[in-house]
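Using the working numbering, you'd call the opening residue of the sequence shown number -8 and step up by one each time.
All C-beta atoms, glycine included, are put in the ideal place defined by N, C-alpha and C.
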Amino acid sequence: MKFIIKLLITALLVVLLSKLLPGVSTDGYLSAILVAISLSLLNFIVRPILVILTLPVTIITLGIFLLVINAIIILLADWLVSGFEVDGLLWAFIFSLLLAIGRSILFQLLEKDKD
């Protein structure tokens, strides 16, 4: 149940950010849910592989390169989900940064409600 709630929160943030950012668009709530599902799968499968492959660069940049990996994951989700469009690496970077911040805040609020 917790996983489904987190997926719906992510989908809500995808819709909100697509309304706010001119370089990101989504066709509706169904495509936002598909984006949330694809992001969770990509973060589970592809992200660890990318982190291992880029480990030297990540160490040299003190972890800042992980933000670029997040943007690449967003671009992969753009490629996978037909109703989701991102206009380039810069918009993917901004979108991933705002999505991570929004998810952190909302997930923390979700955890506080359970206490």
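Residues of its chain near residue i, where Cβ-Cβ distance is below 6 Å and the 5 sequence neighbours each way are ignored
i          : result
residue 67 : 33
residue 16 : 9 and 76
Minimum C-alpha distance to residue i - residue among the options
i          : options          : result
residue 21 : 74, 45 and 86    : 74
residue 18 : 77, 84 and 88    : 77
residue 35 : 59, 10, 1 and 64 : 64
residue 23 : 85, -8, 1 and 84 : 1
Between the CA atoms of residue j and residue i - distance to the nearest angstrom
i           : j          : result
residue 52  : residue 43 : 14 Å
residue 55  : residue 96 : 20 Å
residue 3   : residue 57 : 24 Å
residue 40  : residue 26 : 20 Å
residue 103 : residue 59 : 30 Å
residue -3  : residue 98 : 7 Å
residue 89  : residue 5  : 10 Å
Residues near residue i in its chain [Cβ-Cβ closer than 7 Å; skip 5 each side]
i          : result
residue 71 : 29
residue 12 : 82, 85 and 86
residue 38 : 60 and 64
Cutoff 8 Å; reference residue i; Cβ partners in own chain excluding five residues on either side
i          : result
residue 91 : 61
residue 7  : 93
residue 69 : 75, 76, 77 and 83
Supposed close pair residue i, residue j - CB separation, criterion 8 Å
i          : j          : result
residue 14 : residue 79 : 7 Å
Which residues DSSP lists as bridging residue i, in chain order
i          : result
residue 76 : 16
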